[in-house]
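Asker: Residue numbers (my numbering): 25 to 192.
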């Protein structure tokens, strides 16, 4: 669902496109960094691919800050470090082993998980929601468990528990 909101952008801001554009050759949720912007609404963005995109924000207003992205929209992307928020009270359709794989595998060097309930985290991230076909044979999937590598309480956090997972 689209709803219009006002954003203030500056040079150096990380941004993401919130709608595809054939004219600009950008995909939905593609990320970049604002290199130049002026009062007339002209924007120059260096895409993460290295390509430069220039347009007027009034002609393509589908732009948002790109400092945080959903696990779904991060598929196919890699970052040096990822921070993952896991609310164990969320739906089992959202928090499962597929979510865990996509979220954690985006980080090239480091992934840190923050959660509201450390004791429920391994169970929730190990949940298998693999769809089985009605005509195919029923095959038991291999048990998948996500075990914390190291856990530490972040000093500035009071109610969320930090779970740090080093990758690499």
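Beta carbons: idealized from backbone N, C-alpha and C, even for Gly.
For residue 55, which residues does DSSP report across the bridge?
Answerer: Position 31 of the chain shown, counting from 1, holds the residue named residue 55. Looking at the DSSP assignment, residue 55 forms a beta bridge with 40.
Asker: I believe residue 110 touches residue 135 by the beta-carbon criterion, under 8 Å. Please report the beta-carbon distance rounded to the nearest angstrom.
Answerer: The residue given as residue 110 occupies position 86 in the chain shown. The residue given as residue 135 occupies position 111 in the chain shown. The Cβ separation is near 11 Å, so there is no contact.
Asker: Given that a residue counts as buried once 16 or more other Cβ atoms are within 10 Å of its Cβ, and exposed if not, what is residue 147?
Answerer: On the chain shown, residue 147 is found 123 positions in, with the first residue counted as 1. Classification for residue 147: exposed.
Asker: Which residue marks the beginning of the beta strand (DSSP E) containing residue 107, and which one marks its end?
Answerer: Here residue 107 is taken as the residue at index 83 of the chain shown, counted from 1. Its beta strand (DSSP E) spans residues 103-110.
Asker: For residue 187, count the other beta carbons within 10 Å of its own beta carbon; 16 or more makes it buried, fewer makes it exposed. Which is it?
Answerer: Locating residue 187 in the chain shown gives position 163, where the first residue counts as 1. Bear in mind that a pLDDT of 46 at residue 187, under 50, signals an unreliable position, so the model cannot answer this.
Asker: Using 8 Å as the cut-off, can you tell me whether the region 70-88 makes contact with the region 37-44, which would need three or more C-beta pairs spanning the two stretches below that distance?
Answerer: Judged by Cβ distances under 8 Å, the region 70-88 makes contact with the region 37-44, as three or more pairs qualify.
Asker: By DSSP's criteria, residue 77 is part of a beta bridge. Which residues make up the other side?
Answerer: In the chain shown, residue 77 corresponds to position 53, counting from 1. Answer by DSSP bridge pairing, in chain order: 69.
Asker: Beta-carbon within less than 6 Å of residue 37's beta-carbon, same chain only, minus the 5 sequence neighbours each way: which residues are those?
Answerer: As a first step, residue 37 must be located in the chain shown, where it is residue number 13. So the list reads 58, once near-sequence residues are dropped.
Asker: Taking a contact to mean a Cβ-Cβ separation below 7 Å, would you say residue 120 touches residue 145 in this structure?
Answerer: Indexing the chain shown from 1 puts residue 120 at position 96. Indexing the chain shown from 1 puts residue 145 at position 121. No. Outside cutoff.
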